[in-house]
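Numbering (our numbering), first residue to last: 22 to 304.
Using N, Cα and C, we set each Cβ at its ideal position, and we do this for glycine too.
Note that the coordinates shown come from a computational prediction; the quantities given were computed from them, not determined experimentally.
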């Protein structure tokens, strides 16, 4: 059964596949002929590559004996000749036979990176107001490529929205001046607003009470829950762990600590760190 992303090119479908199709995906044009043995050696390699990237590559095969006008338009002088098209323009080419590894090295700059799908998912989650999912997706993109500025900015913004202010500030500090665009300015504004709103009157009042009564576990638990409500989860967890160590009879501290940890987004380093600490305390 023929693959949908492997097509034979004629004068009739040339414009649709090459000029229009290359706006959506990379088009590899393979100029070949039946009498050309190197062509027969190369074609299975190109077909195998196309089969691995059904959503990102179209392999367009031009039989130069049957489509001499097209071959002349491209100025093909030898076979096999392979050209790569993106957005209606040639981006690379080669003549003769190359190995799959050599071809993939040429293709790599023109194909989506493994992080791209996670970036798209993070962008959608942010647009929908789902900070936890945005954080998870952006963190996976960042883990794949921690130099990707889009991933860094997305993770920083998701971190702010999910209350990970310290991490957001660390990430923002790595963004060079040339990348400090409107997205960066929005992130910095969010950080500033989050910092201004982090200290609610309730938190300040409880902090003052805890300072006056440092052994009052009930006050510490109340403060931890208020900190969690303000997305200050690291402080909340630390306070609950403190209660667990000093006052084991307050079993609700363990329950609340687990609740806070379980609400952290997948990929949040705080989650794995807190779970390790909790298990070490329990066992």
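In the DSSP assignment, find the alpha helix (DSSP H) that holds residue 186 and state where it starts and stops.
-> Locating residue 186 in the chain shown gives position 165, counting from the first residue. Counting along the chain, the alpha helix (DSSP H) containing residue 186 begins and ends at 186 to 194.
Output the residue ranges of the alpha helix (DSSP H) runs that lie fully inside the segment 214 to 266 and measure 4 residues or longer, sorted by chain position.
-> If only uninterrupted alpha helix (DSSP H) runs of at least 4 residues are considered, those enclosed by the segment 214 to 266 are 222 to 233, 238 to 250.
Between the CA atoms of residue 205 and residue 144 - distance to the nearest angstrom | The count along the chain shown starts at 1 and reaches residue 144 at position 123. The count along the chain shown starts at 1 and reaches residue 205 at position 184. If you take the alpha carbons of residue 144 and residue 205, they lie about 15 Å apart.
Considering only residues of the same chain and omitting the five flanking positions on each side of residue 183, which have a CB-CB separation below 7 Å?
-> Residue 183 sits at position 162 when you count from the first residue of the chain shown. 152, 153, 156, 252, 286, listed in sequence order.
Where does residue 22 land, buried or exposed, given buried means 16+ other C-beta within 10 angstroms?
-> In the chain shown, counting from the first residue as 1, residue 22 sits at position 1. Confidence at residue 22 is low in this model, with a pLDDT of 39, below 50, so the placement of that residue should be treated as unreliable; the coordinate-derived value is given next. The residue is exposed, with fewer than 16 neighbouring Cβ atoms inside 10 Å.
Do three or more CB pairs link the segment 33 to 48 to the segment 71 to 85 at distances below 8 Å?
-> Contact holds: three or more Cβ-Cβ distances are below 8 Å.
Of the residues 235, 237, 259, the one placed nearest residue 245, counting alpha carbons only | Along the chain shown, one-based indexing puts residue 245 at 224. It is 259.
For residue 37, count neighbouring C-beta atoms within 10 Å of its own C-beta (all shown protein chains included) and say buried if the count is 16 or more, exposed if not.
-> For the purposes of this step, residue 37 is taken as the residue at position 16 of the chain shown. Residue 37 should be labelled exposed.
Going by beta carbon distance, what residues of the same chain come within less than 7 Å of residue 55, once the five residues before and after it are set aside?
-> Mapped onto the chain shown, residue 55 falls at position 34. So the list reads 86, once near-sequence residues are dropped.
Return the CA-CA distance between residue 272 and residue 74, expressed in angstroms with no decimal places.
-> Within the chain shown, residue 272 is the residue found at index 251, counting from 1. Within the chain shown, residue 74 is the residue found at index 53, counting from 1. Using only the alpha carbons, I get a separation of about 53 Å.
On the premise that residue 227 lies in contact with residue 243, defined as a C-beta separation below 8 Å, what is that separation, rounded to the nearest angstrom?
-> Indexing the chain shown from 1 puts residue 243 at position 222. Indexing the chain shown from 1 puts residue 227 at position 206. Confirmed, Cβ separation roughly 6 Å.
In angstroms with no decimal places, state the Cα-to-Cα distance between residue 25 and residue 68.
-> Along the chain shown, read from residue 1 onward, the residue named residue 25 stands at position 4. Along the chain shown, read from residue 1 onward, the residue named residue 68 stands at position 47. A direct Cα-Cα distance of roughly 12 Å separates residue 25 from residue 68.
Taking the beta strand (DSSP E) that residue 176 falls in, what are its first and last residues?
-> Position 155 of the chain shown, counted from the start, is the residue given in the question as residue 176. From DSSP, residue 176 is part of no beta strand (DSSP E) but of the alpha helix (DSSP H) over 170 to 182.
Whose C-alpha, out of 97, 33, 225, is nearest the C-alpha of residue 53?
-> As a first step, residue 53 must be located in the chain shown, where it is residue number 32. The candidate whose alpha carbon is nearest that of residue 53 is 97.
Residue from 126, 288, 250, 134 whose Cα sits closest to the Cα of residue 280 | What you label residue 280 is simply residue 259 of the chain shown in a count that begins at 1. Of the listed residues, the one whose Cα sits closest to residue 280 is 250.
Expressed to the nearest angstrom, what Euclidean distance is found between the alpha-carbon atoms of residue 268 and residue 282?
-> Along the chain shown, read from residue 1 onward, the residue named residue 268 stands at position 247. Along the chain shown, read from residue 1 onward, the residue named residue 282 stands at position 261. Approximately 20 Å between the Cα atoms of the pair.
Does the distance from the C-beta atom of residue 129 to that of residue 170 stay below 8 Å?
-> Locating residue 129 in the chain shown gives position 108, counting from the first residue. Locating residue 170 in the chain shown gives position 149, counting from the first residue. In this structure, residue 170 does not lie closer than 8 Å to residue 129 by Cβ.
Straight-line Cα distance separating residue 30 from residue 116 = The residue given as residue 116 occupies position 95 in the chain shown. The residue given as residue 30 occupies position 9 in the chain shown. Whole-angstrom Cα-Cα distance: 19 Å.
Within 10 angstroms of the Cβ of residue 158, are there 16 or more other Cβ atoms? Answer buried if so, exposed if not.
-> Residue numbering aside, residue 158 sits at position 137 when the chain shown is read from its first letter. Result: buried.
For residue 110, name the three-state secondary structure that DSSP assigns.
-> The residue labelled residue 110 in the question sits at position 89 within the chain shown. Residue 110: strand per DSSP, three-state reduction.
May I ask you to report which of helix, strand or coil DSSP gives residue 22?
-> Here the question's residue 22 lines up with position 1 in the chain shown. Bear in mind that the predicted position of residue 22 carries a pLDDT of just 39, short of 50, making it unreliable; the figure below should be weighed with that in mind. Reduced to three states, the DSSP call for residue 22 is coil.
Identify, in the order they occur along the chain, each residue of the same chain with its Cβ nearer than 6 Å to the Cβ of residue 113, setting aside the five sequence neighbours on each side.
-> As a first step, residue 113 must be located in the chain shown, where it is residue number 92. Result list for residue 113: 105, 127, in chain order.
Looking at residue 194 and residue 188, is the spacing between their C-beta atoms short of 8 Å?
-> Residue numbering aside, residue 188 sits at position 167 when the chain shown is read from its first letter. Residue numbering aside, residue 194 sits at position 173 when the chain shown is read from its first letter. No, these two residues do not count as a Cβ contact at 8 Å.
Can you round the beta-carbon distance between residue 175 and residue 162 to whole angstroms, since I take them to be within the 8 Å contact cut?
-> Taking the first residue of the chain shown as position 1, residue 175 is located at position 154. Taking the first residue of the chain shown as position 1, residue 162 is located at position 141. At roughly 7 Å, the Cβ-Cβ gap stays under 8 Å, so residue 175 and residue 162 are in contact.
Straight-line CA distance for residue 90 to residue 110?
-> If you number the chain shown from 1, residue 90 lands on position 69. If you number the chain shown from 1, residue 110 lands on position 89. The straight-line gap from Cα to Cα measures roughly 19 Å.
What are the partner residues of residue 53, as DSSP defines its beta bridges?
-> Here residue 53 refers to the residue found at position 32 when the chain shown is read from its first residue. According to DSSP, residue 53 bridges with 84.
Should residue 58 be labelled buried (16 or more other beta-carbon atoms within 10 Å of its own) or exposed?
-> Here residue 58 is taken as the residue at index 37 of the chain shown, counted from 1. It is exposed - the Cβ of residue 58 has fewer than 16 other Cβ atoms within 10 Å.
The beta strand (DSSP E) enclosing residue 66, as first and last residue numbers = Walking along the chain shown from the start, residue 66 turns up at place 45. Element bounds for residue 66: not the beta strand (DSSP E) but the alpha helix (DSSP H), 58 to 73.
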